[in-house]
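Q: My questions all concern the structure below.
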Amino acid sequence: IENMKQQLEASEQVAKTELQRLDEETEHLTAMQSDLARQKKKKEGELKNLKTQLESDRSSLASYREALKTEKRNLESAEDTLSSMRRRRDEAETMRNVGIGMMFIPFVGWIPMNEASNAVRTAKREVESCESQVKSYSNKVSKYESEISQAKRDIQEADNKIHETDAKLLDMSVQRRVVADVQHKMRRAVHQLGKLCGVGSVAELQTRHQILLAPVIKVMEEMTTAL
102 IENMKQQLEA SEQVAKTELQ RLDEETEHLT AMQSDLARQK KKKEGELKNL
152 KTQLESDRSS LASYREALKT EKRNLESAED TLSSMRRRRD EAETMRNVGI
202 GMMFIPFVGW IPMNEASNAV RTAKREVESC ESQVKSYSNK VSKYESEISQ
252 AKRDIQEADN KIHETDAKLL DMSVQRRVVA DVQHKMRRAV HQLGKLCGVG
302 SVAELQTRHQ ILLAPVIKVM EEMTTAL
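Here the numbering used here is used: the first residue of the sequence shown is 102, the next is one more, and so on.
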């Protein structure tokens, strides 16, 4: 009886150690779950901001693309005007060289020609500026699209880990309940055996054996079922 009592006490200590381990692991998983939830919430906020910025840059990109079309048309018109003036100037120069009177040929002055040339240069600068903006905002849109995809992956990963942690915590809870139940039954068995160890006479031992050992056997059966 004494040997059985000692073995049960040792087993009860093992159960106690296991409970401590389960409690520590549960605390660790709970902290991890809380940290994952914070990370997920932070990423969701970042994703929202990224989407807002993406929509803004997409709008700017569309505007600059339309502006680029307009500036290209303006450049084409300015170049046509300048080409027309140069053609008239060249025609007038040719007529003069062959001796035809200038009074019948419209004369293109230097001032209008300079203005037309300036208009072409200005239109080219506007086209280049719009092209630069289109390129810049195209890069920004691509950048934000990439960051949004990464943020979505990070959120999904955090969500998966949260679900995994939930499952582990549930498993830990079941394990702890089983171990705590076994520990409780062991304590009851040790208590009953302790009463038997304190018996003096043989007659009293036989009497208590019948009274006290039966609950011990029942407890052992319950532990076997629990395990």
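A virtual CB, placed ideally from N, CA and C, is assigned to each residue, including glycine. All of these numbers come straight from a predicted model, not from anything done at the bench.
Would you decide whether A252 is buried or exposed? Buried here means 16 or more other CB atoms lie within 10 Å of its CB.
A: buried
Q: Give me the Cβ distance between Q284 and L120, rounded to the nearest whole Å; I'm assuming they're in contact under 8 Å.
A: Their Cβ separation, rounded to whole angstroms, is 7 Å, which keeps Q284 and L120 in contact under 8 Å.
Q: If I measure Cβ to Cβ from T127 and keep anything under 8 Å in the same chain, skipping five residues before and after, which residues do I get?
A: L270, M273, S274 and R277
Q: Excluding the five sequence neighbours on either side, which residues of its own chain have a C-beta within less than 6 Å of the C-beta of N175, listed in chain order?
A: A224
Q: Round the Cβ separation of V341 and D158 to the nearest angstrom and send it over; I've been treating them as touching at under 8 Å.
A: Here the chain covers residues 102 to 328 and nothing more, so residue 341 does not appear.
Q: Per the contact definition of three or more C-beta pairs closer than 8 Å, is the stretch 189-196 in contact with the stretch 140-153?
A: no
Q: Just to confirm my understanding: we take E232, look at its own chain, exclude 5 residues before and 5 after, and list those with CB closer than 7 Å. What are they?
A: L169
Q: What is the rounded straight-line gap between the Cα of I249 and the Cα of S160?
A: 17 Å
Q: So the candidates are R289, R254, D267 and D282; which of them puts its Cα closest to the Cα of K141?
A: R254
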